[in-house]
Amino acid sequence: MARKGILVMLVTLAAWLFSIIYLLPFVWMVGTSFKPIGEWGLPTLIPNQVTLNNYYEVLVTGGVYGVRGHFPPIMRYLINSLTISITVAVVTSLLGALTAYGIVRFMAGGTFFVNWILSLRMIPPVVILYPLVVMTKTVGLYNTTAGLIMVYPVITLPITTWFMIGTFKSIPRETEEAALIDGCTHFQAFYRVSLPQAAIGLAASAIFAFIFSWSEFLIPLLLAPGEAAMPLTVFAAYFSNQYGILWGPLSAAAVITAIPVTATAIAIQKYLIRGLTLGFVR
Amino acid sequence: MRTRGTQFIAPTLILLIVLVIYPTIYLYYMVFHSFNPLFEVAVRFVGLQNFTTFLNDPDAHYSIFAMLVLMSVTVPTQIVLGTLLAILFTSPYLKGKVVLRSIMLIPLSIPAIIIGLNWKMIFFSYGPLNSFLEAVGLPTQPWLSAPFGSTFNTIFVLAVLDVWQWTPFVALAVASGIEGIPSYVREAAEIDGASRLQMIRHIVLPLSKTVIVIVLFFRIIDSLKLFDIIYMLTAGGPGNITTTLPFYIYKVGFTLTAPKADLGYAALLAVVLLMIATVLVLLVLTRVLYVKRMIWGD
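Protein chains in written order, with my numbering: chain A, -16 to 265; chain C, 2 to 299.
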């Protein structure tokens, strides 16, 4: 028994030590976001003097650092990111549910269609981006949030569809069949009977779509380089290239960009691996 | 049976035709054309010229090589390290599993561009890593230009970021695979007197093989997309050392002042990348995932 006690101590200690060391780079950045200007470059994890000034500047006032330049407040980019990600999450989770339902219950499109959707997850976005730039320019959606909302489903639809395939597979058919006998159409059976049963899965797939659209960088970099639709990720890159030495505000902006997705990922951790592997690992 | 569900997939199908099929057709059209909006007014037909450019372009060949080097460093490291971590995380001797797992979710949930930003500061010449090395008396390194005396090593610095971000993914996925092993299998092995190490070697690893293969597949696919951290940390440099194929496509197709910048040539490079991805996808779709059986049963 004593041997087991020692093992528990050793294994637990090793795992925790490893995890803490693993996260040091991120912890350092979070620490830096609370540091006053003199401490930015130091390798210390906890600021000697804690300040909220970086966050205040980044979110509200913007910053002026003399010869090092000045930067605008990120509020508008934050709003862009939220608008885009929330819209894409709602639209593609519903579309994904609809598609998955057709696939699971009716084999709509057959093996080819479902394989094709899966294969879209494998296409590197850089491959199809130039035609999409031309297309959005032609229809006047270049540099707009609407344009990004239209294009992001390339990334998110395969994920939500495959996630919902798993969800619908685990829901029994019987209640649906009862609804059909009572005179519902297939579509009514879908949204009155099956969708409510899949509510949790639907919410999880919406959060996935949110996480992926929020983190997307290459598409907005090429499709919305202007101020009007620029999301936080692109702004963070631009900020870092222009004023790379303003580590306090830069870290604050980075933390603000990371928090919404990190928090939601932890909230849905039960589904996270399932979503990231499109349901192949449960 | 098959036509009945069409109304359910129609909206997605239409959207994806616009967003994927049309661009793909356009891509193959551009392969035989040449166009640089900076110097030319219209797309012009050039036949197979882009192919000869590709065959005679050492930068393109190098970019494929760089992509494969990066992949063959990051993916195996992630798999091995992640599997070891998964064994640690499923150890019956570990306390506080739930909290530990939440902590390990952090790296994989941070947007890649923010991870790039984070490590860019860490690797900066006067950044925290070099300050730390100086403080403990080790030589500092120019991490983003020529660490340990060679510019080529910059690729391995990028690999560190990718490994940092995605090892927890492998660990968590394999851990959930290990937990899916039925308890009677373990119990039977225990009754037969298997030690913990024998258990890992003969029960845990063989039975989580499928999960490991699936994870491997996703890591390979995603490593072909790696772009954000390269853009952030090195922008393909120094020289073209970290210009992998996706980044080279970006340079040729979207940085119109770059040498060889041409939308037709970029399209050809994109087709090459697509072909590399397709080969890997087909291999796995047909051999590993058994899509048909998974959804509709046998």
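For each residue, glycine too, the CB sits at the ideal point set by N, CA and C.
Under 7 Å from the C-beta of residue i: neighbouring residues of chain C
i, result
"Met147/A", "Correct list: empty, because the minimum Cβ distance to chain C is about 11 Å."
"Tyr270/A", "The requested residue 270/A does not occur in the structure, where chain A is confined to residues -16 to 265."
"Arg88/A", "Gly6"
"Met105/A", "Ile222, Ala278 and Val282"
"Thr216/A", "Pro112 and Ile114"
Cα-Cα separation, residue i to residue j
i, j, result
"Ile148/A", "Ile194/A", "19 Å"
"Val44/C", "Asn131/C", "50 Å"
"Pro208/A", "Pro93/C", "51 Å"
"Ala176/C", "Val280/C", "29 Å"
"Val43/A", "Ile57/A", "8 Å"
"Arg3/C", "Phe89/A", "Legend: pLDDT at Arg3/C = 48, less than 50; position of this residue unreliable, no value from coordinates given."
"Phe191/A", "Leu77/A", "12 Å"
"Pro77/C", "Ala174/C", "15 Å"
"Val238/A", "Gln8/C", "43 Å"
"Ser196/C", "Leu106/C", "31 Å"
"Ile115/C", "Leu198/C", "39 Å"
"Pro169/C", "Leu201/A", "24 Å"
"Thr15/A", "Ala268/C", "42 Å"
"Tyr196/A", "Ser126/C", "Note that residue 196/A corresponds to Ser in the displayed sequence, not to Tyr. One C-alpha to the other measures close to 33 Å."
"Ser209/C", "Arg102/C", "19 Å"
"Val186/C", "Met(-8)/A", "27 Å"
"Val109/A", "Gly(-12)/A", "53 Å"
"Glu191/C", "Ala(-15)/A", "20 Å"
"Arg156/A", "Leu178/A", "12 Å"
"Ile204/C", "Leu139/C", "44 Å"
"Phe222/A", "Thr34/A", "21 Å"
"Val100/C", "Leu259/A", "20 Å"
Per-residue contacts from residue i into chain A (C-beta, under 8 Å)
i, result
"Ala67/C", "Going along chain A, no residue has its Cβ under 8 Å from Ala67/C, so there is no contact; the nearest lies around 15 Å."
"Tyr266/C", "Per Cβ cutoff of 8 Å: no residues; Tyr266/C is ~11 Å from chain A at best."
"Ser177/C", "Ile256, Val264 and Arg265"
Residues that residue i contacts on chain A, provided the C-beta gap is smaller than 7 Å
i, result
"Leu173/C", "Ile256"
"Asn119/C", "Pro8, Phe9, Met12 and Ala237"
"Tyr27/C", "Pro114"
"Ser92/C", "Val(-6)"
DSSP beta-bridge partners of residue i
i, result
"Phe54/A", "Gly46/A"
"Ser196/A", "Partner(s): none; Ser196/A has no beta bridge."
"His34/C", "Phe46/C"
Chain-ordered neighbours of residue i on chain C, where CB pairs are closer than 8 Å
i, result
"Gln252/A", "Arg102, Ser103 and Leu106"
"Ser223/A", "Leu118, Lys121 and Met233"
With 16 other Cβ atoms within 10 Å as the buried cut-off, status of residue i
i, result
"Asp165/A", "exposed"
"Arg202/C", "exposed"
"Met72/C", "buried"
"Val264/A", "buried"
"Leu28/A", "exposed"
"Arg5/C", "exposed"
"His34/C", "buried"
"Phe46/C", "exposed"
"Lys120/A", "exposed"
"Pro38/C", "exposed"
"Pro183/C", "exposed"
"Leu264/C", "buried"
"Thr75/A", "buried"
"Asn31/A", "exposed"
Residue i: CB within 7 Å of a non-hydrogen atom of the ligand GTP
i, result
"Pro140/C", "For the ligand GTP, the structure offers nothing, since it holds no ligand at all."
Where residue i meets chain A, residues with beta-carbon distance less than 9 Å
i, result
"Ser132/C", "Gly24, Leu25 and Pro26"
"Ser110/C", "Ile194, Ser198, Ala241, Val244, Thr245, Ala246, Thr247, Ala248, Ile249 and Leu255"
"Gly181/C", "Val264 and Arg265"
Sequence-distant residues of the same chain with beta carbon closer than 6 Å to residue i, five excluded per side
i, result
"Met122/C", "Gly128"
"Tyr254/A", "Ala187"
"Gly92/A", "none"
"Val137/A", "none"
"Ala162/A", "Ala172 and Val176"
"Ile100/A", "Pro141 and Thr144"
"Ile15/C", "none"
Close-in-space but distant-in-sequence residues of the same chain around residue i (CB under 7 Å, 5 per side omitted)
i, result
"Thr75/C", "Ala160, Asp163, Val164 and Ser224"
"Glu180/C", "Thr91"
"Ile231/C", "Leu159, Gly237, Thr243, Thr245 and Phe248"
"Gly231/A", "Thr15, Ser16, Lys18, Ile20, Trp23 and Asn37"
"Pro55/A", "Gly45"
"Tyr60/A", "Met213, Pro214, Leu215 and Phe218"
Sequence-distant residues of its chain with Cβ nearer than 8 Å to residue i (five each side left out)
i, result
"Ile80/C", "Val171, Ile213, Val216, Leu217 and Arg220"
"Ser151/C", "none"
"Ser198/A", "Thr216 and Val244"
"Phe157/C", "Val74 and Pro148"
"Gly227/A", "Leu233"
9 Å Cβ cut-off: residues of chain C touching residue i
i, result
"Pro155/A", "By Cβ distance, chain C contributes nothing, its closest Cβ being about 14 Å from Pro155/A, past 9 Å."
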